[in-house]
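Peer 1:
Numbering (UniProt numbering), first residue to last: 1 to 173.
(1) Which stretch, first to last residue, makes up the alpha helix (DSSP H) that contains residue 138?
(2) Which partner residues of residue 102 appear in the DSSP bridge assignment?
(3) Suppose the cutoff is 8 Å on Cβ atoms and the five residues either side in sequence are ignored; what does the same chain contact list for residue 42 look like?
(4) Determine the extent of the alpha helix (DSSP H) in which residue 20 is found, giving its start and end residues.
(5) Residue 32 and residue 16 look like a contact to me (Cβ under 8 Å); what is the Cβ gap, rounded to whole Å?
(6) Quick check on the burial criterion: 16 or more other C-beta atoms within 10 angstroms. Buried or exposed for residue 98?
(7) Out of curiosity, what's the CA-to-CA distance linking residue 146 and residue 37?
(8) Any heavy atom of the ligand NAD within a distance shorter than 7 Å of the CB on residue 15?
(9) Taking Cβ to Cβ, would you say residue 89 is nearer than 8 Å to residue 108?
(10) Which residues in the same chain as residue 46 place their Cβ atom closer than 8 Å to its Cβ, once the five residues preceding and following it in sequence are excluded?
(11) So, helix, strand or coil for residue 60, using DSSP?
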């Protein structure tokens, strides 16, 4: 399948590390996952609300979470983590596919949703991707997920396909 990307590349995005203040006045550090504690990431996914899982990710059981993280924290993927004090509040990743494109996935703990952390994660992940030379990023989102669609459009993603129950969106970096 050939994806459609916008003709013009996006503006430059911020790179990690950066600190934001979310809408609940919490300081949130957005860092490269290379600088994050894997055990804290495992804990985040063990606490992750099952209702927020999509397409089987993140996995539910600890062993499966560890195996999945081992795969996406490898050298080919680009990852950022949002931390509030000692708590990992969110994680976003760019996973390469077979066509020199990267798929974006983002996960934010329910207690931190709706506070601007997802936007900071996506922007910082895209900035990290730009620094790594990534040009094409795509994602899928369920068509009823208006908050996520709004976030993706706000940072520059455009709808590239809306023919199924999921919408595919893409951005050129």
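Backbone N, C-alpha and C fix where the C-beta goes; we use that ideal spot for every residue, glycine too.
Peer 2: Quick answer:
(1) Residue 138 -> not in any alpha helix (DSSP H); beta strand (DSSP E) instead, spanning 136 to 142.
(2) 96 and 137
(3) 62, 65, 66 and 69
(4) Segment 18 to 21 is the beta strand (DSSP E) holding residue 20; no alpha helix (DSSP H) there.
(5) 5 Å
(6) exposed
(7) 32 Å
(8) Of the ligands one can find in the structure shown there are none, so the ligand NAD has no counterpart to examine.
(9) yes
(10) 62 and 65
(11) coil
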